[in-house]
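Start counting the sequence shown at 163; every next residue gets the next number (my numbering).
Read through the structure below, which is laid out as structure tokens, and then see the notes.
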Amino acid sequence: MTAQTDLPTGQDLLAEIDRLRKEKNAIILAHYYQTADIQDLADFVGDSLELSKKAAETDADVIVFCGVKFMADTAKILSPEKIVVLPDMDAGCSLEDSCPPEKFKAFREAHPDHIALTYINCSTEVKALSDVIVTSSSAETIISQIPEDQKIIFGPDRHLGGYMSRKFNREMLLWPGVCIVHEAFSETELLKLKAQHPDAPIAAHPECPPTIVDHADYVGSTSGILQFAQTFEGDTLIVATEPHIIHQMEKALPEKKFIGAPGADGNCSCNICPYMALNTMEKLYACLRDLEPRIEIEEGLRLKAKQSLDRMLEMASGTIGKGDLGRV
163 MTAQTDLPTG QDLLAEIDRL RKEKNAIILA HYYQTADIQD LADFVGDSLE LSKKAAETDA
223 DVIVFCGVKF MADTAKILSP EKIVVLPDMD AGCSLEDSCP PEKFKAFREA HPDHIALTYI
283 NCSTEVKALS DVIVTSSSAE TIISQIPEDQ KIIFGPDRHL GGYMSRKFNR EMLLWPGVCI
343 VHEAFSETEL LKLKAQHPDA PIAAHPECPP TIVDHADYVG STSGILQFAQ TFEGDTLIVA
403 TEPHIIHQME KALPEKKFIG APGADGNCSC NICPYMALNT MEKLYACLRD LEPRIEIEEG
463 LRLKAKQSLD RMLEMASGTI GKGDLGRV
């Protein structure tokens, strides 16, 4: 590996990334939680599954996924013939970490009369153990199609599962995982901020705990929150999700003000995803140059995981990236 000091910098770095992108017929994907510089050079910016679907539809030979590992894994599940690389293989996810496959398997076996609806923020192995994958924008559509007498396991995000349980007034067995970013928001500090901006609506991701979601005017996926930002009345919006999404809002609506919901002490950076932050422009350049680190998935496992993703696409294909959770 080239030493950090030997890497190009500034405009040379951007030029080299662009050269390599063309030379290797690569497509660069960036999740909304990536830094602004990565978002601005990406071919597509979006939600995790939305990005994987777009990449599968292209003729690119290489997918560079600037996100976290489960997202790159999903891209490989949907595009097995393509090379998929991740700038930093340590870019994980607290929700994925909270749900080890062997424990999830044992939990399923202990409740054989339940089907497993599993949030996409999980490992390939857990996807393979699941019946239907859901996203924050498709969960409502999928749950509405499941008979009320069918028992449900929902994992690994207990906050998203709890939000759905309350909205549909049906019991679900919730896996006890949380997103460390959305868990970090403070109700006390949010109410202080709301007092300073009483006319500003609050848009929240359903991975937030009920103490945050209950104050929201809109609850939805990252794409849904972006759509709400373009339609809300007023000039200020409080945003309760990872704050790098605000870059897209400011680009689309420079005349409006967007304020990230505060963390526990009112000004900490604890609501920035530490895993997403592992990806940098320098690592993006290196992984495009070397086509490493590379995502590899055993074919039998990939096909099992793809079944649960295919069921979601059959049940809710029109909602992917649409943010259909809507107003509270």
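Note that CB positions come from ideal geometry on N, CA and C, so glycine has one too.
Since we're looking at a predicted model, the values are computed, not measured.
Comparing alpha-carbon positions, the option among Ala467, Thr220, Ser479 lying closest to Cys284 turns out to be Ala467. Just measuring C-alpha positions, the residue of Glu412, Ile314, Glu258 sitting nearest Ile342 is Glu258.
Residue environment analysis places Ser306 among the exposed positions, since fewer than 16 neighbouring C-beta atoms fall within 10 angstroms of its C-beta. In this structure, the straight-line span from the alpha carbon of Glu185 to that of Val247 is close to 16 Å. Here the stretch 357–366 lies against the stretch 374–382, with 3 or more beta-carbon pairs under 8 Å apart.
The beta carbon of Leu175 lies closer than 8 Å to those of Leu169, Met443, Glu444, Tyr447 in the same chain, with the five residues before and after it left out.
Residue state for Tyr437 is assigned as coil, using DSSP reduced to three classes. In the three-state reduction of the DSSP assignment, Leu353 falls in the helix class. Proximity of the stretch 447–462 to the stretch 238–246 meets the contact definition, three or more beta-carbon pairs being nearer than 8 Å. In the DSSP annotation of this structure, the continuous segment of the beta strand (DSSP E) that includes Val207 starts and ends at 206–208. When DSSP states are grouped into helix, strand and coil, Ile342 belongs to the coil group. His276 is bridged by DSSP to Lys313.
Around the C-beta of Arg328, fewer than 16 other C-beta atoms lie within 10 Å, and the residue is accordingly described as exposed. A check of alpha carbon separations from Asp250 across Pro262, Cys228, Glu412 identifies Cys228 as the nearest. Ranked by Cα distance from Ala439, the first of Gln196, Ile295, His359 is Gln196. No Cβ-Cβ contact shorter than 9 Å links Ala391 with Cys370. By the neighbour-count criterion, in which 16 or more other beta carbons inside 10 Å mark a residue as buried, Arg320 falls on the buried side. With a threshold of 16 other beta carbon atoms within 10 Å, Pro318 meets it and is buried. Secondary structure in the stretch 216–251: the beta strand (DSSP E) runs of 3 residues or longer, each lying completely within the stretch, are 224–228, 245–247 in chain order.
If the five residues before and after Asp180 are omitted, its C-beta is found closer than 8 Å to the C-beta atoms of Leu203, all from its own chain and listed in chain order.
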